[in-house]
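S.K.: To convert, take the position in the sequence shown, counting from 1, and add 2; that gives this note's numbering. For glycine and all other residues, C-beta sits at the position ideal for the given N, C-alpha and C.
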Amino acid sequence: MDAELKLTIRQDVVRTFPEIEFFHTPNIQKMMSNILFSYAREFPHVSYKQGMHELLAPIIFVLHYDQQAYLQASETDSLDLEIHILLNQNYIEHDAL
Numbered sequence: 003m004d005a006e007l008k009l010t011i012r013q014d015v016v017r018t019f020p021e022i023e024f025f026h027t028p029n030i031q032k033m034m035s036n037i038l039f040s041y042a043r044e045f046p047h048v049s050y051k052q053g054m055h056e057l058l059a060p061i062i063f064v065l066h067y068d069q070q071a072y073l074q075a076s077e078t079d080s081l082d083l084e085i086h087i088l089l090n091q092n093y094i095e096h097d098a099l
């Protein structure tokens, strides 16, 4: 059952916004698949529905953009510790869930 769910999610994720290169990078597709699978397992009464990948995509994009802005700002400015914690690159996937 998990393998079938993962396959369904993967098929949708690879079709996410075909005109935007960002969504065709392997790490973004893997991240989206992991998030959607985790959500489906956490909320089995909802599970995964077709189109959820299109709801997740803008969230991932914004989190990634914020992370990039943070990295650029951290090179030139001294940022508060709270900003370093909030925009930690290791938790983008967790933040999206």
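1. In terms of residues, what are the limits of the alpha helix (DSSP H) holding Ser35?
2. Since I believe Ala59 is in contact with Phe25 (beta carbons under 8 Å), could you give me their beta-carbon distance rounded to a whole number of angstroms?
3. Going straight from the alpha carbon of Thr18 to that of Phe63, what length do you get?
4. Which residue's Cα is closest to the Cα of Tyr50: Asp97, Ala98, Asp4?
5. May I have the straight-line CA-CA distance separating His86 from Leu38, to the nearest angstrom?
M.R.: A quick look at the data gives this:
1. 28-44
2. 6 Å
3. Distance from the CA atom of Thr18 to the CA atom of Phe63, rounded to whole angstroms, is 12 Å.
4. Asp4
5. 26 Å
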